[in-house]
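Contents: one structure, followed by commentary.
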Amino acid sequence: IRGGIGSFGVIVAWRLKLVHVPPKVIYFSIDKPMEDSDIKKFNAWQHVADKLDDDLLIRVIMQSTYPSQKGERNVTVQYQGLFLGEVTRLLRIMAKCLPELGLTSTNCQEMTYIESTVLMGGYPNGSSTLILLENKSILRTYFKSKTDFARDPIPETVIQDLWRRLKSDTGMVIFFPYGGMMSRISESATPFPHRNGTRYMILYINVWQDGEASEAKHFKWIRSMYNFMKPYVSKDPRTSFENYKDFDLGFNEKGRSTCFKQASS
């Protein structure tokens, strides 16, 4: 079933091909205050993230903290991973492909796949899987998001500047790797082009709690971050993930039909 929200039709039958998932998987998380040495670690990750074992996924989350009483912000970096296998095999893969992270068995938790989706979804450790049925967002704030796709590694100096920019507002940047089966499908083979040649997707999120009172300030921050990243992401054209709604990319006027020329302008 393809086409996203842009296609309509009546489906009378379908067939699903499921990916085998073992009874137990390994979830791991390495998170700490961001330091200069983490620039090198991120650089190591971005060179291999889309080329790791098909059973292994590692995403990176850089997030600024709310200001302290002194008005200071810190930035944390989290390497969050999911492995469809046993911990001994995971440690062998990590020691060979990404030793910079220093992953040990103490960072790892064995659980069912559905339990791992709770943690990957951002819920606190120990949350019941029933929370997935509540259909409620974990974000109890106002937010705006934008996306990019990276086809080449981002220079270390740019990551350093991104870190500095995160300190100026309450936001986060999530780097989600592609690769695996995605890299074995041509970008022209299906309506979803972000396949072979895409290293990772970047999600920028800005959050705040005082509504319209500070909306302009936060919009300015995330748009500035987005403009700053322009030279280092996909180009001709610059691409985004449509399902993360971003009205900056355009929208249909209410009550009016839109032709292709208007939608693409």
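If you read the sequence shown in this note's numbering, its first letter stands for residue 26, the second for the next number, and so on.
Glycine included, C-beta positions come from ideal geometry on N, C-alpha and C.
Note that this is a predicted model, so its numbers are computed, not measured.
Inset, instruction - Compare the beta carbon distance of Met-136 and Arg-190 with 8 angstroms and say whether it is the shorter of the two. - result: no
Legend entry - According to DSSP, residues forming a beta bridge with Trp-233: Tyr-167
Inset, instruction - Starting from Leu-37, trace the alpha helix (DSSP H) both ways and give me its first and last residue. - result: In the sequence as displayed, the identity of residue 37 is Val instead of Leu. Run containing Val-37: none; DSSP gives neither H nor E here.
Legend entry - DSSP-derived helix/strand/coil call for Ile-227: strand
Inset, instruction - Ignore the nearest five residues each way along the sequence and tell me which others in Pro-180's own chain have a CB closer than 8 angstroms to its CB. - result: Tyr-257
Inset, instruction - Would you tell me roughly how many angstroms separate the C-alpha atoms of Asn-268 and Pro-262, rounded to the nearest one? - result: 18 angstroms
Inset, instruction - Provide the residue span of the alpha helix (DSSP H) that contains Ile-184, from first to last. - result: 181-191
Legend entry - Rounded C-alpha distance that separates Asp-61 from Glu-97: 18 angstroms
Legend entry - Inter-stretch contact at 8 angstroms, needing at least 3 Cβ pairs: the segment 213-224 / the segment 146-160: no
Legend entry - Alpha-carbon to alpha-carbon, Gly-222 and Arg-176: 6 angstroms
Inset, instruction - Buried or exposed for Thr-195, please, with buried defined as at least 16 other CB atoms from any protein chain shown within 10 angstroms of its CB. - result: buried
Inset, instruction - Return the bridge partner residues of Thr-264 from the DSSP annotation. - result: None; Thr-264 has no bridge partner.
Inset, instruction - Going by CA-CA distance only, name the one from Glu-237, Gln-88 and Tyr-52 that's closest to Tyr-167. - result: Glu-237
Inset, instruction - Could you tell me the boundaries of the beta strand (DSSP E) in which Arg-209 lies? - result: Note, Arg-209: premise wrong, no beta strand (DSSP E); not H, not E.
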